[in-house]
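What follows is a single structure, written as structure tokens, with notes after it.
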Amino acid sequence: MNRRTIVFITLLATAMLLPLFAGEGVFSGMVRNYAAFRFSHADIPVHEITADVRFEYYGDMGKLTLHPVAYSSPNKSLELSLGEAYMDFYLPSTDIRVGMQNVIWGEAEGAFITDLVSPRDLRSFILADFTEIRKAVPAVKVDHYLGDYTLEAIWVSHFVPFSPPSEDSMWRQAANLPFPPAITATILEPTMPKSSLENSELFLSLSHFAPKLSWTLNGGYQWGDEPLVTSVTTTGATTRDIAQGYERYPFVGGSLNTPIASAVLRMEAALAIDKPMNSLDMSANPPITLEKHHQVQTLIGLDWNMFGAQWSTQYLMIYTHNHHDQLISQMKSIKEFAHTLTFRVQDTFLDERLTARLFTYVELDPANALFRPSLSYNLGDGVILEGGAEIFVGDEEGTFGSYQDNSLAFLALRWYF
Amino acid sequence: MKRISILMLLILSIVFTLSATELDGKQVMWEVYNRDSGDTMSANLIMTITNARGSTRERSIAQYRQNRNGVESKLMFFLSPSDVRNTSFLSFSYEDGRNDDQYIYLPALKRVKRIASDSKNDSFMGSDFTYDDMGSRHPDMDRHTVLRTETVNGLSALVVESIAQGAEDYPRTLSWVVDGQWFGLKKEFYLPDGSLGKTLTIDAFDKIDGIAVITDMTMHSHKQNTSTRIQMQDTEFNLEFDPNFFSERQMKIGPRR
């Protein structure tokens, strides 16, 4: 019996058995038909139908949430996953959530600074909906409320890594391996940490919610979501095996938001302590080694209303301590200081039926950017038609400029039920 | 001479007597503002938005309100349509005139977000009501004058003209306020050019727990020829809310108490 069948039977059995217990269940969800046209190739590399179903069962003790998601693309097998499946228990001053769940931390929009509990699904680079870019983790999350304070503890039983683009994906970038043409290097699948109590992850957070200033302090001991090269083995005169694995490190951080006149100021920062990174030195043997460096990420953002529209801007800076030019991440150089700006403007028209939105990433060195304009029209009865573009421009060495050939326009029809 | 003096005294005494019992515009609007509306309230709102072509959209909202220590706390859960279900909105409005603090919870994002609050004149959920219309406008924000008395649906109503002190989308309004009960029956909103922008009519009201409640009202925007009807159902007053009900936690849990 394959995994897909097991998931389906589990969902069906749960839906059939639950009415036996006191409570009420609610089905909701979204079906989306999405197609993208790529300008440079004049092709349609993506045509995907997504069924995102949510079943919530409210009982006296709390709530059960099941969130299966199915993706279907032409000439590809159906992909079915149990996106989230958890139970909430509501006690007088404590909420407990157990199961596969997304955890979202921080104040940043489109950036992940303290938002490190749930890894990211980067199979479409960063273009997935903000609601779909995170992957659920198997965890027990406890929130204890003391007046305006919330103490949160999260235990993640099994490490879940990020999802990279598949080998045949247009978002996959070939690794620039540091070997002469005569050498054939094979990158092995990353070795996962053994599933054990010792290898589980732990996160803590203390937050204060108040009109004048809301703040959060958080930290964790976690595995890095992206694999690192752990060894290079000479397997033959002209062959090398590159082994990958995951390394863990602690981090501390925090965020806050506060009103400034009629605008909102947001700030966030995280310090990764002795974060493992790869170093590339062609003159050394092996050429790729592991090092540890402190790394600081900071963000400041401002949201305001003007001319009836919503505006937002953010500045993100990443600093790597004891930096040198050999440091790499996924075979790309790490800068000592990396600067990124984001900009968003959003407005509605026609009695809020039409929403116009522009979100932009701008990387400063090298100069490159991603523009994400979109228009969505609410046809009524939960049906929304959306069209837009993802435009990559600038230096091809940059995070976004390297995808210039993937600039595309998209059309999507969503039905919410 | 003596006859004229007695007549003058009589007239003057009548005038002074009348002046002593009549309230001026400011006093009337303070009576409206301070009218007992319960320290706490919960209700289900059905909002029906009709566009110029006559097609309608409906939104249903569970609303909770608390007035305590000069702060009005409001928590709203959007129950339908499906694309906004379980979205919640929390606001704190202050008697001292400070900007409101507003937050939104989007269930798909699982995050409570503080939103910029300078949006009193913005449309509420795409309707003909603004955020200002949905709240209580402080009487000191306008200059008020009682123009006349009219009978509306058998009730004696004072017609009060209010001129905004600052820049507003509708700098002049006329309110029909039920004399002695201090709730509105009708309100006209005038644009800066003097033309009638929109009209609010109260279609039904009721008394629940001794408190007058508007249960059905319609805002009609004349230029766009659109209208929004709000029906209030299952209204309850003076409930006991948990001290932490108007909070991030409740925004995420939903309307279940």
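These protein sequence lines are chains A and B, in that order. For the first sequence, the residue numbers in our numbering are 1 to 417. For the second sequence, the residue numbers in our numbering are 1001 to 1257. The beta-carbon is built from N, C-alpha and C at its ideal position, and this holds for glycine as well.
Please confirm if residue i has its CB atom under 8 Å from at least one CB of chain A.
i          : result
Phe-1077/B : no
Ser-1123/B : yes
Pro-1171/B : no
Arg-1068/B : no
Gly-1038/B : no
Phe-1129/B : no
Ala-1062/B : no
Arg-1229/B : no
Gly-1126/B : yes
Asn-1034/B : no
Thr-1017/B : With a pLDDT of only 44 at Thr-1017/B, under 50, the local geometry of the prediction cannot be trusted, and no value is derived from it.
Within its chain, find whatever has a CB closer than 8 Å to the CB of residue i; leave out the 5 residues flanking it on each side and keep chain order.
i          : result
Phe-1016/B : Any answer about Phe-1016/B is weak, because its pLDDT of 45 lies below 50 and its placement is not dependable; what the coordinates show is given next. Excluding sequence neighbours, Phe-1016/B sits near nothing in its chain.
Lys-135/A  : Asn-102, Ser-118, Pro-119, Arg-120, Asp-121, Val-160, Phe-162 and Ser-163
His-293/A  : Asp-274, Lys-275, Met-277, Thr-320, His-321, Asn-322, His-323 and Leu-327
Met-87/A   : Gly-62, Lys-63, Leu-64, Thr-65, Arg-97, Val-98 and Gly-99
Thr-1226/B : Ile-1049, Thr-1050, Asn-1051, Ala-1052, Asp-1128 and His-1220
Quick one: residues in its chain with C-beta nearer than 6 Å to the C-beta of residue i, no 5 flanking neighbours on either side, listed in chain order?
i          : result
Ser-1117/B : Asn-1099, Asp-1100 and Gln-1102
Ala-309/A  : Val-345 and Asp-347
Gly-1089/B : Note on residue identity: the sequence assigns Phe, not Gly, to residue 1089/B. Around Phe-1089/B: Met-1076 and Ile-1104.
Arg-123/A  : Ser-163 and Pro-165
Thr-172/A  : The residue you asked about is not Thr; residue 172/A is Arg in the sequence shown. Same-chain partners within the cutoff: Pro-165.
Ala-270/A  : Ile-113, Thr-114, Phe-251, Gly-253 and Gln-297
Ser-1073/B : Gln-1066, Phe-1092 and Phe-1246
Identify the continuous alpha helix (DSSP H) that holds residue i and give its terminal residues.
i          : result
Arg-1148/B : No alpha helix (DSSP H) holds Arg-1148/B; the beta strand (DSSP E) holding it covers 1142-1152.
Asp-1133/B : 1131-1134
Lys-1026/B : 1025-1033
Gln-1165/B : No alpha helix (DSSP H) contains Gln-1165/B, which DSSP labels as neither H nor E.
Met-1251/B : 1248-1253
Give me whichever residues DSSP pairs with residue i in a beta bridge.
i          : result
Asn-257/A  : Ser-214/A and Arg-266/A
Tyr-246/A  : In DSSP, Tyr-246/A forms no bridge with anything.
Pro-119/A  : Answer is none; Pro-119/A lacks a bridge partner.
Met-30/A   : Asp-52/A and Tyr-416/A
Tyr-57/A   : Gly-25/A and Leu-64/A
Leu-80/A   : Ala-70/A
Ser-231/A  : Ala-243/A
Ser-1221/B : Lys-1198/B and Thr-1226/B
Asp-43/A   : Arg-38/A
Ser-124/A  : Ile-126/A
Pro-373/A  : Leu-358/A
Phe-1189/B : Thr-1173/B and Lys-1198/B
Asn-368/A  : Glu-363/A and Gly-394/A
Of all the CB atoms in chain B, is at least one closer than 8 Å to the CB of residue i?
i         : result
Asp-351/A : yes
Asp-281/A : no
Met-1/A   : Only weak support exists for where Met-1/A lies, its pLDDT of 49 falling under 50; the coordinates are left without a value.
Ile-334/A : no
Asp-121/A : no
Ile-113/A : no
Ala-263/A : yes
Trp-304/A : yes
Ser-255/A : no
Ser-28/A  : yes
Tyr-416/A : yes
Thr-131/A : yes
Tyr-90/A  : yes
From what residue to what residue does the beta strand (DSSP E) around residue i run?
i          : result
Val-1178/B : 1172-1178
Lys-1113/B : 1111-1115
Arg-1059/B : 1056-1068
Arg-1229/B : 1226-1237
Met-1076/B : 1071-1080
Tyr-145/A  : 137-146
Ile-1104/B : 1101-1106
Ser-1037/B : Segment: none, Ser-1037/B is in no beta strand (DSSP E) and carries neither H nor E.
Leu-327/A  : 327-329
His-339/A  : 337-349
Ile-104/A  : Counting along the chain, Ile-104/A falls outside any beta strand (DSSP E), and DSSP gives it neither H nor E.
Phe-1092/B : 1088-1094
What does residue i touch in chain E if you count any residue whose Cβ is under 8 Å from its own?
i        : result
Asp-60/A : The structure shown contains no chain E; its protein chains are A and B.
Can we count residue i as close to the ligand NAP, meaning its CB is less than 7 Å from some heavy atom?
i         : result
Thr-234/A : This structure lacks the ligand NAP, and indeed carries no ligand of any kind.
Given residue i, which residues of its chain have a CB within under 7 Å of its CB, disregarding the five upstream and five downstream residues?
i          : result
Met-1141/B : Ala-1164 and Gln-1165
Phe-337/A  : Met-317 and Tyr-319
Runs of alpha helix (DSSP H) lying entirely within the segment 154-212 of chain A, each at least 4 residues, in chain order: none
Complete runs of the alpha helix (DSSP H) confined to the segment 269-320 of chain A [at least 4 residues]: none
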